[in-house]
Amino acid sequence: MRTEDFDFLAKLLKQRSGLMLTQDKVYLLESRLTPIARERGLAGLDELISKLRSSRDEGLMNDVTEAMTTNESFFFRDNTPFDLFRDHVLPMLEKRRTNKKIRIWCAAASTGQEPYSLAMILKENWHKWQSWNIEIIATDISAQVLDKAKRGHYSQFEVQRGLPIQMLIKYFKQDGEVWKISDEIRRMVNYREFNLLDNFASLGQCDILFCRNVLIYFDQPTKSDVLGRMSQLLAADGALFLGSAETVLGITDKFRPVRSRRGLYVQSAAPDDLIT
Amino acid sequence: MKQCLVVDDSKVIRRVARRILEELNFEVEEAVDGKDALEKSLSNTPAVVLLDWNMPVMDGLEYLKAMRASPNIAQPIVVFCTTENDMSHIRAAIEAGANEYIMKPFDREIIEAKFSQCGLL
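Going line by line, the protein sequences match chains A and B.
Under my numbering, read the first sequence as residues 1 to 276, first letter to last.
Under my numbering, read the second sequence as residues 1001 to 1121, first letter to last.
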């Protein structure tokens, strides 16, 4: 790929999604954008880029942004955050939320595996939570992945990566090659199309925030900005989950890591013993 | 090093599974059917059994039931690994004492995910 073409795409993606495209991701451009070119009857990536340059076609720019920002996702990805959610964060809020209200925001919900995993954890302890008002708001920049998330249909391959078989039995129905998540789980999650570069005001305060493996695509100022605004949105005693390869060190002083709880953060001003 | 008994009548599947499991640091033994597996579990119980369903002589479910009923076998974790991919088979396997269930085709990531859910990794 020519340098000026790469720079053009990198600039477009940065503007529209905050995504930082680095040279080592050229292969992703090829593999993800070639199908879009074909769909539109274009010969290949080169023609797609010239079309983008000449027409500023809004629909095409959207498709390109969505294709490049989509993450691979699986149920209970990395396990640890879900264990921490169940064993440390929920018990803390159970004590502190006397109004029995908890709002959870999954900020990069992708195809739904993360919010549905949280919903299943709650369902596993339903005797405890059924009298609570728990809202799971799941957002993503891509309308396309949210459509899949809302349908809750997964392939055999997708339900085998991370999902314990007992949960497959309990919360899924098989329909030919497709595994459909049950309505009781599906109804627990509210999906919304949302760009993290936009104003958070419409989302309202939340108690738990999952923002895993998204910030890695942003440059430093964008990371600081997003985390700063997340800090305003999150309750003073709320919890933030970042990806295991992510950190707040040197990016923001609004959050601090919870000692020996990898990927879990609280507001810097929160009491030391908030989560143990 | 933990031991894994791979039970499958297909030599190709056994070889693929062995390669993945050895990469995950398991010591691998192979059995060609349920009866062979039962004999091998009696003499030396592995930590985990990766178990096919449809096999000649004795199938995977028969093996599982016989093995779970045997007081002479220190009970291993059992992960089914089969082309049977409908809910009724899955339920039957779990009811008979399987700990996890893999629907073929499988790859390293699926084995790794399922084994770590069983606390093996």
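Don't be surprised by glycine CBs; every beta carbon is placed ideally from N, CA and C.
Review point. Quick one: is B/Asp1086 near chain A, going by C-beta distance under 8 Å?
Key: yes
Check your understanding: Should A/Asn133 be labelled buried (16 or more other beta-carbon atoms within 10 Å of its own) or exposed?
Key -> Label assigned to A/Asn133: exposed.
Exercise for review: Please classify A/Asp83: does DSSP put it in a helix, a strand, or coil?
Suggested key: helix
Practice item. Please specify which runs of the alpha helix (DSSP H), each continuous and at least 4 residues long, are wholly inside the stretch 71 to 149 of chain A, giving them in chain order. Key: Runs of the alpha helix (DSSP H) lying entirely within the stretch 71 to 149 of chain A, each at least 4 residues long, are 80 to 84, 90 to 96, 113 to 124, 126 to 129 in chain order.
Review point. Where does B/Lys1011 fall in DSSP's three states?
Key: Shown here, B/Lys1011 sits in a helix according to DSSP, grouped into three states.
Point to revise | Opposing strand residues paired with B/Glu1027 [DSSP bridges] | key: Answer is B/Gln1003, bridged to B/Glu1027.
Check your understanding: Tell me, which residues are paired with A/Tyr191 by DSSP?
Key -> A/Ala138
Check your understanding: Taking all protein chains shown into account, do 16 or more other C-beta atoms lie within 10 angstroms of the C-beta of A/Leu90, making it buried, or fewer, making it exposed?
Key -> buried
**Study point:** CB contact check: B/Glu1023 to chain A, cutoff 8 Å
**Key:** Chain A contact via Cβ: absent.
Exercise for review: Ignore the nearest five residues each way along the sequence and tell me which others in B/Phe1080's own chain have a CB closer than 6 Å to its CB.
Suggested key: The beta carbon of B/Phe1080 sits closer than 6 Å to those of Leu1051, Ala1093, Ala1098, Tyr1101, all from its chain and outside the five residues before and after it, given in chain order.
Practice item. Between the Cα of A/Ile169 and those of B/Arg1091, B/Ala1113, B/Phe1115, B/Pro1105, spot the shortest distance and give me the residue it belongs to. Key: B/Arg1091
Point to revise | the stretch 1008 to 1019 of chain B in contact with the stretch 1035 to 1044 of chain B per 3-pair CB rule at 8 Å | key: no
Practice item. Throw me the rounded Cβ distance for the A/Ala269 and A/Ala236 pair, which I believe falls under 8 Å. Key: 7 Å
Exercise for review: Pick out the complete beta strand (DSSP E) segments inside the stretch 20 to 51 of chain A, 3 residues or longer, and give them in chain order.
Suggested key: none
Check your understanding: Which same chain residues, not among the five before or five after A/Leu93, have their C-beta less than 7 Å away from its C-beta?
Key -> Ile102, Asp207
Exercise for review: For the stretch 146 to 169 of chain A, enumerate the residues whose C-beta is nearer than 9 Å to any C-beta of chain B, in chain order.
Suggested key: Gln156, Phe157, Val159, Gln160, Arg161, Gly162, Leu163, Pro164, Ile165, Gln166, Leu168, Ile169
Check your understanding: Where does A/Phe172 sit, in a helix, a strand or coil, going by DSSP?
Key -> strand
**Study point:** Any C-beta of chain A under 8 Å from that of B/Arg1091
**Key:** B/Arg1091 counts as touching chain A.
Practice item. Return the Cβ separation of A/Ile141 and A/Thr69 in integer angstroms, given the expectation that the two are a contact with Cβ distance under 8 Å. Key: Yes, A/Ile141 and A/Thr69 are in contact; Cβ-Cβ is about 6 Å, under 8 Å.
Practice item. Could you work out which residue in A/Thr80, A/Met1, A/Phe74 is closest to A/Ser110 when comparing CA atoms only? Key: A/Phe74
Exercise for review: Identify, in the order they occur along the chain, each residue of the same chain with its Cβ nearer than 6 Å to the Cβ of B/Met1058, setting aside the five sequence neighbours on each side.
Suggested key: Asp1033, Gly1034, Lys1035
Check your understanding: So, is the C-beta of B/Glu1095 closer than 8 Å to a C-beta in chain A?
Key -> no
Exercise for review: Return no unless some Cβ of chain A is closer than 8 Å to the Cβ of B/Ala1113.
Suggested key: yes
Practice item. Kindly list the residues whose CB is nearer than 6 Å to the CB of A/Arg186, restricted to its own chain and excluding five residues on each side of it in sequence; keep chain order. Key: Gly152
Exercise for review: Leaving aside the five residues before and after A/Ser182 along the sequence, list all residues of the same chain whose C-beta is less than 7 Å from its C-beta, in chain order.
Suggested key: Tyr171, Phe172, Lys173
Review point. In chain B, which residues lie less than 7 Å from A/Gln174 when you measure between Cβ atoms?
Key: Asp1086, Met1087
Check your understanding: In the structure shown, what three-state DSSP assignment does B/Arg1018 receive?
Key -> Looking at B/Arg1018 - three-state DSSP - the assignment turns out to be helix.
**Study point:** 8 Å Cβ shell around A/Val266 - same chain, five flanking residues per side excluded
**Key:** Asp237, Gly238, Ala239, Leu240, Phe255, Arg256, Val258, Leu274, Ile275
Exercise for review: Would you mind reading off the limits of the alpha helix (DSSP H) that contains A/Lys223?
Suggested key: 220 to 233
Point to revise | Simplified DSSP assignment, three categories, for A/Arg53 | key: DSSP places A/Arg53 in helix when its eight states are reduced to three.
Practice item. Give the residues of chain A in contact with B/Ile1110, contact being defined as C-beta atoms less than 7 Å apart. Key: Gln160, Arg161
Review point. Tell me the DSSP bridge mates of B/Tyr1101?
Key: B/Phe1080
Practice item. Kindly say whether B/Gln1075, judged by its beta-carbon, lies nearer than 8 Å to any beta-carbon of chain A. Key: Chain A contact via Cβ: absent.
Check your understanding: What whole-angstrom Cβ distance do B/Val1048 and B/Ile1020 have, given they're in contact under 8 Å?
Key -> Not quite, the Cβ-Cβ distance comes to about 13 Å (not below 8 Å), so this is no contact.
Exercise for review: Report the rounded CA-to-CA distance for A/Phe210 versus B/Glu1030, giving the unit in angstroms.
Suggested key: 43 Å
Practice item. Report the rounded CA-to-CA distance for A/Asn286 versus A/Asp219, giving the unit in angstroms. Key: Summary: the structure shown does not reach residue 286 of chain A, with chain A confined to residues 1 through 276, and so no result is reported for it.
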